[in-house]
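Engineer: Same order as they appear, the protein sequences are chains A and B.
Residue -3 is where the first sequence starts when you use this note's numbering, and the numbers rise one by one after that.
Residue -3 is where the second sequence starts when you use this note's numbering, and the numbers rise one by one after that.
Number of protein chains: 2
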Amino acid sequence: MNVISLLLGRRLVIGCSNSIKFKTFLTISPIFELNSSNFMAFQRINHLGLDVPDVWPSLSSSNLSCNSNSHAVDKKNATIIDGKEIAAAIKSHIADEVTRMKKSIDKCPGLAFVLVGERNDSHTFVEIKMKACDKVGIASSIVELPAESTQDEILRVVSDLNSNPAVHGVIVQLPLPHHCDEEKVVNVVSPEKDVDGFHPLNMGNLALKGREPYFIPCAAKACIELLLRSGIELVGKKAVVIGRSKVVALPTSLLLQRHNTTVSLVNSFTKNPQEITREADIVVADVGVPNMVRGDWLKPGAFVIDAGTNAVKDPNGKHGFHLTGDVCFEEAVEVASAITPVPRGLGPVTIAMLLCNTLDSAKRAYNFV
Amino acid sequence: MNVISLLLGRRLVIGCSNSIKFKTFLTISPIFELNSSNFMAFQRINHLGLDVPDVWPSLSSSNLSCNSNSHAVDKKNATIIDGKEIAAAIKSHIADEVTRMKKSIDKCPGLAFVLVGERNDSHTFVEIKMKACDKVGIASSIVELPAESTQDEILRVVSDLNSNPAVHGVIVQLPLPHHCDEEKVVNVVSPEKDVDGFHPLNMGNLALKGREPYFIPCAAKACIELLLRSGIELVGKKAVVIGRSKVVALPTSLLLQRHNTTVSLVNSFTKNPQEITREADIVVADVGVPNMVRGDWLKPGAFVIDAGTNAVKDPNGKHGFHLTGDVCFEEAVEVASAITPVPRGLGPVTIAMLLCNTLDSAKRAYNFV
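1. Given R115 (chain A), which residues of its chain have a CB within under 8 angstroms of its CB, disregarding the five upstream and five downstream residues?
2. Where G193 (chain B) and V48 (chain B) are concerned, what is the direct C-alpha to C-alpha distance, given to the nearest angstrom?
3. Take V345 (chain B) as the anchor and find which of B:I82, B:V182, B:V153 and B:T266 has the nearest alpha-carbon.
4. For N263 (chain B), go through chain A and note every residue whose CB falls closer than 8 angstroms to its CB, in chain order.
5. Is the beta carbon of V181 (chain B) closer than 9 angstroms to that of V163 (chain B)?
6. Can you tell me which of the three DSSP states A215 (chain A) falls into?
7. Give every residue of the same chain whose Cβ lies closer than 7 angstroms to the Cβ of A203 (chain B), excluding the five residues on either side of it in the sequence, and list them in chain order.
8. Classify I238 (chain A) as helix, strand or coil using the three-state DSSP reduction.
9. Quick check on V338 (chain B): buried or exposed, where buried means 16 or more other Cβ atoms within 10 Å of its Cβ?
10. So what does DSSP say about F317 (chain B), is it helix, strand or coil?
11. At 4 residues or longer, and completely inside the region 77 to 102 of chain A: list those alpha helix (DSSP H) runs for me, N to C.
12. Between which two residues does the alpha helix (DSSP H) holding N263 (chain B) run?
13. Quick one: what does DSSP say E140 (chain A) is sitting in, helix, strand or coil?
14. Could you pull the DSSP bridge partners for D190 (chain B) from this structure?
15. Nearest-angstrom Cα distance between K295 (chain A) and T273 (chain A)?
16. Look at P286 (chain A) and G321 (chain A) and say whether their C-beta atoms are less than 9 angstroms apart.
17. N201 (chain A) versus chain D: which residues are under 7 angstroms apart at the beta carbon?
18. Please determine, among B:A334, B:E208, B:K234 and B:D190, the residue with the shortest C-alpha to C-alpha distance to C427 (chain B).
19. Using a cut-off of 7 angstroms between C-beta atoms, extract the partners of D47 (chain A) located in chain B.
20. List, in order along the chain, the chain B residues whose C-beta lies closer than 7 angstroms to that of L222 (chain A)?
21. Taking DSSP as the reference, what is the three-state secondary structure of A404 (chain B)?
22. Label V365 (chain B) either buried or exposed according to how many other C-beta atoms from any shown protein chain fall within 10 Å of its C-beta, with 16 as the threshold for buried.
23. How big is the Cα-Cα spacing for C62 (chain B) and C324 (chain B)?
24. Would you say A358 (chain B) lies against chain A (beta-carbon separation less than 9 angstroms)?
25. Please confirm if I278 (chain B) has its CB atom under 9 angstroms from at least one CB of chain A.
26. Residues in the same chain with beta-carbon distance under 6 angstroms from E327 (chain A), minus the five sequence neighbours each way, listed in chain order, please.
27. Could you compute how far the alpha carbon of E221 (chain B) sits from the alpha carbon of R340 (chain B)?
28. Work out the CA separation of V168 (chain A) and C371 (chain A) for me, nearest whole Å.
29. Alpha carbon to alpha carbon, what distance is there between G343 (chain B) and N183 (chain B)?
30. Determine, for K267 (chain B), whether the minimum Cβ-Cβ distance to residues of chain A falls below 9 angstroms.
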């Protein structure tokens, strides 16, 4: 049974993902993602309502590709982080732990997805995650709802999953259809099953020193994992995080602070992003603009994590496009000491961290050490 | 009835603070405050547990006082922000609003304090806030519990206040006695009455772009208020926040980001804090070390907010000490374009913002526009 056929059912829960076939493994995101936050009138007493959208420099043709011809292979000096290999090592450890749990207490971690509507990219994301669950022995399930589902219907599904003891993680795949209030839906996911780590309670506890959220967003955990596995000492290092998504930039900046890194946050209003970035030992790029971070933005020896996954039209590409990151890889590789490529960089490790969060949740639920 | 006599009662609720006399208005905080977070063993999979205490440069005698003799009055060029005057203007507006609410719907905002134990400084803080409530017509009340109260007793008091419709703000005065779990107590305060803004749900919603917390921590609101009242354009400006307390530094850094400022966060592990600070258009110092930020740390024309309130022994002082900030005022005033003094700087505006949060909460509860 594949995901397309699941769409035909109004609501269908599959016990495990091992029968799902995959259409594609390519992760596709919009080239230029505008934040949908509304520009609200400024109020003098209440200082919120200032969430103007991030508008990064417009895409000129020069941005779409960087100086891929300017380098020779022998000039490369950065270590290219193999995210897929690292993810495989983490997954192997998780699989061992899941096996140990099954043998010891006859229980298995469970991860449930809620998928509303028929967006191809959302389906692809969920498929990839379910396949990853399957490989390590985590029981994944999916609840599919048609795009016209009411918000109450979605909330009921989430509440059911919250109270299902076999489910240890609940992911509502975003974005939801426009008529749904994403904030309300995300808020209803139990913080104790919020393996994405996007619930404000978990984000607040991540921000607050001395507290522990139930879950840290997977991409942020993945960034730190990559740094630590590369032997980078974080304490006292300068990090620049470019962007401010809740998925990568915000939680990564909070987690880096908890590791006693000195963090600077570059946004689309920053006047001289390249100057600030050039001072950083660690750069995390999360803007959604292909090749925005050029080689001359980087301090020699910087550790560069590219969180961008931009689909750029390419008639020679397998699907009419190719994927590129937010960092001009060909230039950066000549300056940085290490860099995550796109694809095969941060993405696979992020998925491994989702499995890790789910395992942790099940361990907590069963008090399994 | 003064607060000392209140201590004799095991639990006593006062309807309004207007009968309370004040011992002193001096706010006393430890000179050198170590974060009490535990250093927990590092775990490879779960990357938390790294909250080592902030240890800022040790206090040398040269730190305790800065070059107060090096400047002449005519060399001063910074505007010295009169926090008391600004607070008075804000309070006047709040008083008008409270009057309007009383006239229109016969309701009054209510703020309740929970005070456990007999710390003089805590009593003083609460007295100051209650007097401020009284001046604008907000009904304040206090529940005093002896230091040996159990955590359950404290939690019951907080729960009662949560469900009391006449109470729109609940403040548990910190620190609590050592046997209490502050995190659990703060978590029980209803996010809708958390006028301090310290609840992780409110902090998370402050961190998450596009979301609105019920309340923003008062000192952070006060910082932005001071900047905006001074006509500072925040978008695209560089700000440096030194420190990371949940009271000032963390929420201020989050709020500055929401105002599209480029924020760098300096902590006690930052190797060259002065270099980073010297690049900032806006500096917020919140470290608890007297005079740590020297004149040569500042970019000429910087806007400096000093959130420190350090009691430094002084035999000539009225109470055997004098108050000083984290910024060497005498040096900074010659470099900055504006600076908040200590006292009479950020403190009074922070209290005004507490009143503002309480008024907002009552307006929300009564749907009063």
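Just so you know, even glycine gets a beta-carbon here, dropped at the ideal spot from N, CA and C.
In this text, all values refer to a predicted model and were calculated from it rather than measured experimentally.
Structural biologist: Short version:
1. Walking along the first sequence from the start, residue 115 (chain A) turns up at place 119. Correct list, in chain order: P171.
2. Residue numbering aside, residue 193 (chain B) sits at position 197 when the second sequence is read from its first letter. Residue numbering aside, residue 48 (chain B) sits at position 52 when the second sequence is read from its first letter. Computed Cα separation, rounded: 24 angstroms.
3. Stepping through the second sequence from its first residue, residue 345 (chain B) is reached at position 349. Of B:I82, B:V182, B:V153 and B:T266, the residue nearest in Cα terms is B:I82.
4. For this step, residue 263 (chain B) is matched to residue 267 along the second sequence. Chain A residues near N263 (chain B): Q253, N256 and T258.
5. As a working mapping, residue 163 (chain B) is identified with position 167 in the second sequence. As a working mapping, residue 181 (chain B) is identified with position 185 in the second sequence. No.
6. Counting from 1 along the first sequence, the entry for residue 215 (chain A) is found at position 219. Residue state, collapsed to three classes: helix.
7. Here residue 203 (chain B) corresponds to residue number 207 of the second sequence, with the count starting at 1. Answer for A203 (chain B): L250, listed in chain order.
8. Translated into positions along the first sequence, residue 238 (chain A) becomes position 242. Note: I238 (chain A) maps to strand in three-state DSSP.
9. Start at 1 with the first residue of the second sequence, and residue 338 (chain B) comes out as number 342. When all chains shown are included, V338 (chain B) counts as buried.
10. The residue given as residue 317 (chain B) occupies position 321 in the second sequence. Here F317 (chain B) sits in strand by DSSP.
11. 79 to 101
12. The count along the second sequence starts at 1 and reaches residue 263 (chain B) at position 267. No alpha helix (DSSP H) holds N263 (chain B); DSSP gives it neither H nor E.
13. Your numbering for residue 140 (chain A) matches position 144 in the first sequence. Residue state, collapsed to three classes: strand.
14. Here residue 190 (chain B) corresponds to residue number 194 of the second sequence, with the count starting at 1. Answer is none; D190 (chain B) lacks a bridge partner.
15. Residue mapping note: residue 295 (chain A) aligns to position 299 of the first sequence, counting from 1. Residue mapping note: residue 273 (chain A) aligns to position 277 of the first sequence, counting from 1. Approximately 8 angstroms, taken between the alpha carbons.
16. Position 290 of the first sequence, counted from the first residue, corresponds to residue 286 (chain A). Position 325 of the first sequence, counted from the first residue, corresponds to residue 321 (chain A). Going by C-beta atoms, P286 (chain A) is nearer than 9 angstroms to G321 (chain A).
17. Protein chains A and B are contained in the structure displayed, whereas chain D is not.
18. Residue 427 (chain B) is absent from the model: chain B starts at -3 and stops at 365.
19. For the purposes of this step, residue 47 (chain A) is identified with residue 51 of the first sequence, where counting begins at 1. Those within 7 angstroms of D47 (chain A) in chain B are K205, G206 and R254.
20. Position 226 of the first sequence, counted from the start, is the residue given in the question as residue 222 (chain A). Here the premise fails: no neighbours, minimum Cβ distance about 11 angstroms.
21. Residue 404 (chain B) is absent from the model: chain B starts at -3 and stops at 365.
22. Here residue 365 (chain B) is taken as the residue at index 369 of the second sequence, counted from 1. V365 (chain B) should be labelled exposed.
23. Position 66 of the second sequence, counted from the first residue, corresponds to residue 62 (chain B). Position 328 of the second sequence, counted from the first residue, corresponds to residue 324 (chain B). Distance between the alpha carbons of C62 (chain B) and C324 (chain B) is about 6 angstroms.
24. Counted from its first residue, the second sequence places residue 358 (chain B) at position 362. False, the Cβ-Cβ gap to chain A never drops below 9 angstroms.
25. Residue 278 (chain B) sits at position 282 when you count from the first residue of the second sequence. Not closer than 9 angstroms to any Cβ of chain A, the Cβ of I278 (chain B) fails to qualify, so no.
26. Here residue 327 (chain A) refers to the residue found at position 331 when the first sequence is read from its first residue. Result list for E327 (chain A): C62, N63, R290 and G291, in chain order.
27. Position 225 of the second sequence holds residue 221 (chain B). Position 344 of the second sequence holds residue 340 (chain B). Whole-angstrom Cα-Cα distance: 15 angstroms.
28. The structure shown does not extend to residue 371 (chain A), since chain A spans only -3 to 365, so no value can be given for it.
29. The residue given as residue 183 (chain B) occupies position 187 in the second sequence. The residue given as residue 343 (chain B) occupies position 347 in the second sequence. The straight-line gap from Cα to Cα measures roughly 25 angstroms.
30. Against the second sequence, residue 267 (chain B) aligns to sequence position 271. For K267 (chain B), the answer is yes, since a Cβ of chain A falls inside 9 angstroms of its Cβ.
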